[in-house]
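Accompanying notes for the structure given below.
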Amino acid sequence: MPDDLWKLPAAAQAEAVRGAHISAVELVDSHLDRIAAINPQVNAVTQLLAERAREAAARTDRLRSAGVALGPLAGVPFTVKESTPVEGVPTTFGVPRFRDLVAAADAPPVARLRAAGAIPIGHANIPTLILAGMHTRSELFGDTVNPWDSSRTPGGSSGGDAVAVATGMAALGLGNDSGGSVRIPAQFCGVAGLKPSTGRFPADHRVLGRDDPGPASQLLVTEGPLARTVADLRLAYEALAGTDPRDPRAVPVPPYGEALPGPLTVAVVADPGGRGVHPAIRGAVESAADALRDAGYAVREVADVPRLDEVLEAYGRLTVTEFAPTWPAVRTLLGEGGDRYIAMAMERTPPATADELVKLMGTWMSLRRSWAEFLDAHPLLLGPSFTEPPVEPGLESRDRAGLDRVTSAMRLCSATSFVGVPGVAVPTGVVDGLPVGVQIVGRAFREDLCLEAAQAVEDRLGVLTPIDPEAGRGGGKRLSGGPGDAVRVRDDTGTTTGWNAP
């Protein structure tokens, strides 16, 4: 068996399995070997599903031998965010108290990827309860390391999945995004990521399978895949799109819309709101704009995105209002200092009263209308996912200045989540040893246009990953750990194993 099957894109992996060029077991074993070699350095995979993955791969091979047609993602290993249920595995949210809360069923997106032939190979790390900040560190599993530079955060909250994909431990990652949680780690780790339209992918956001959350969690949080190539992202998109009776929000919109008269107009906003953008990120936007122009798009700089300050104020007020009633209990689960990110946000933005909340819901509709009108004139928008290169871990929780800096840098992600439109993050290159990239935003339910444009960028600017933390490809630093830098991974038996990074 070749020892580098993990290097192949997901599309090539599935094609090789379907064509009997390799077995699904060989493919899974290649990824398990990669996890054993790399995860001790980056701590991205938390609960390793080795035996379950091998069993699923063996079933895939038996089906192929019996002449059964395999799915488009046959045998492709993927990671699942620690907050998304996988049947028979604890959904811990990175919280020690939840370590034994075993999921009774797959979440809808996990089930859809399985139906396409993909195989879950492990859970991936998140910030504790997804609330402890942008940096991927959980109370249960510790810090996840950016493989490009150990002094920079991999982002979050889907940081574990982004690192797993970037380093070849999985071909796909399944995260979710309510304000940048897929797109920011994609930018920080040099991979591609998709935040779909609200209602495009089915999900089940009941915490621990019990009560449904409030309007912010219902309408802002969307499941989203991460991949090393846009073509792989498209395969995941096609598998995830659809309906499920567990999610009445998901709508039966075809994954591909009608062709629009060309050339398509791309509005370019390198510095949304005029708050400042790092030269490396401005350069990334300019490189992507040139790539799209070369591909035949009508690329036009515009003054700004619609009503950004109003969108961000409404976003903050709505989310804080939803957190407020349960915050006294929730903050006790976050560990020492884990509550600082939300606590500072609540000090800055007080919860809305009942009357204010009713008015806020009307404002939400008005803002969505403004964005729909903007995207009617410009079918695509090009801008940053984060207006800086990767920052140091925990900056957003350090103090008010750090919080303001990070929330400002992710402003285009927050805005597009709030108005419910899709965005695809795509890398554009490496600057000073760190990946940079952009996001391409589109009209609601026109993910296909975003993916097509992202493919044009990738075709001209290339693919950055997989990378080897040991080699420091692309200028990233060699990762090293010292005494006590323990990495904890739970295997199928529930046993927690520790290593020290070399």
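Just so we're aligned, residue -8 is where the sequence shown starts under the numbering used here, counting upward by one.
Glycine included, C-beta positions come from ideal geometry on N, C-alpha and C.
Residues near GLY215 by beta carbon distance below 7 Å, same chain, minus five either side: GLY166, ASN167, ASP168, VAL173, GLY184, LEU185, LYS186 and PRO187
If distances are taken between C-alpha atoms only, which option among HIS114, ARG50, PRO138 and HIS126 comes closest to ALA106? ARG50
Residue from VAL260, VAL349, GLU347 and ALA315 whose Cα sits closest to the Cα of ALA334: ALA315
What whole-angstrom Cβ distance do MET125 and GLY146 have, given they're in contact under 8 Å? 6 Å
For the 8 Å Cβ check, are there 3 or more pairs between the segment 192 to 207 and the segment 146 to 157? no
In angstroms, rounded to a whole number, what distance separates the CA positions of LYS(-2) and VAL454? 12 Å
For HIS114, does the three-state DSSP call read helix, strand or coil? strand
Taking only three categories from DSSP, how would you classify PHE69? strand
LEU(-4) - DSSP class collapsed to helix/strand/coil: helix
Using three-state DSSP, classify ASN167 as helix, strand or coil. strand
First through last residue of the beta strand (DSSP E) which encompasses ILE431: 425 to 433
For the segment 108 to 122 against the segment 244 to 251, are there 3 or more C-beta pairs whose distance is under 8 Å? no
Assuming PRO99 contacts ARG291 (C-beta within less than 8 Å), just tell me the rounded distance between them. That pair is no contact at about 38 Å.
Cross-strand partners of LYS350 (DSSP beta bridge): For LYS350, which the question treats as bridged, DSSP gives no partner whatsoever.
Taking all protein chains shown into account, do 16 or more other C-beta atoms lie within 10 angstroms of the C-beta of MET352, making it buried, or fewer, making it exposed? exposed
Helix, strand or coil: how does DSSP classify ASP134 here? strand
For the alpha helix (DSSP H) that SER322 lies in, which residues bound it at each end? Note on identity: in this sequence residue 322 is Arg, with Ser being the wrong assignment. Here ARG322 belongs to no alpha helix (DSSP H), and DSSP marks it neither H nor E.
Below 6 Å CB to CB, which residues in the same chain sit around ALA15 once its five sequence neighbours on both sides are set aside? VAL8, ALA48, THR51, ASP52 and GLY66
So, under 8 Å CB-CB, GLU438 and TYR228 are touching, yes? Tell me the CB distance rounded to an integer number of Å. 6 Å
Starting from GLY374, trace the beta strand (DSSP E) both ways and give me its first and last residue. 371 to 374
Provide the residue(s) that pair with PRO81 in DSSP beta bridges, ordered along the chain. VAL93
Please return the same chain residues whose Cβ sits closer than 6 Å to the Cβ of ALA445, not counting the five positions on each side in sequence. VAL221, VAL415, VAL417 and ILE431
Is ALA416 helix, strand or coil by DSSP? strand
Coil, strand or helix - VAL454 by DSSP: coil
Contact between the segment 37 to 44 and the segment 72 to 86 (3+ Cβ pairs under 8 Å): yes
State the start and end residues of the unbroken alpha helix (DSSP H) segment that holds PRO216. Premise fails: PRO216 lies in the beta strand (DSSP E), 213 to 218, not in any alpha helix (DSSP H).
Nearest-angstrom Cβ-Cβ length linking LEU452 and ALA282, presumed shorter than 8 Å: 6 Å
Could you name the residues that DSSP lists as bridge partners for GLY393? None, per the DSSP bridge assignment.
Enclosing alpha helix (DSSP H) for LEU516 [first to last residue]: Past the edges of the chain, shown from -8 to 493, lies residue 516, and the structure says nothing about it.
Can you give me the C-alpha to C-alpha distance between THR234 and LEU440, rounded to a whole angstrom? 21 Å
Nearest by alpha-carbon distance to LYS72: which of LEU23, ILE29 and ARG128 is it? ARG128
CB of ALA222 to nearest heavy atom of the ligand NAP: below 8 Å? As for the ligand NAP, it is missing from this structure, which has no ligand bound.
Quick one: is VAL276 buried, meaning 16 or more other Cβ sit within 10 Å of its Cβ, or exposed? buried
Determine, using beta carbons only, whether VAL182 and ALA153 come nearer to each other than 9 Å. yes
Would you mind stating whether VAL156 and THR456 have Cβ atoms separated by less than 9 Å? yes
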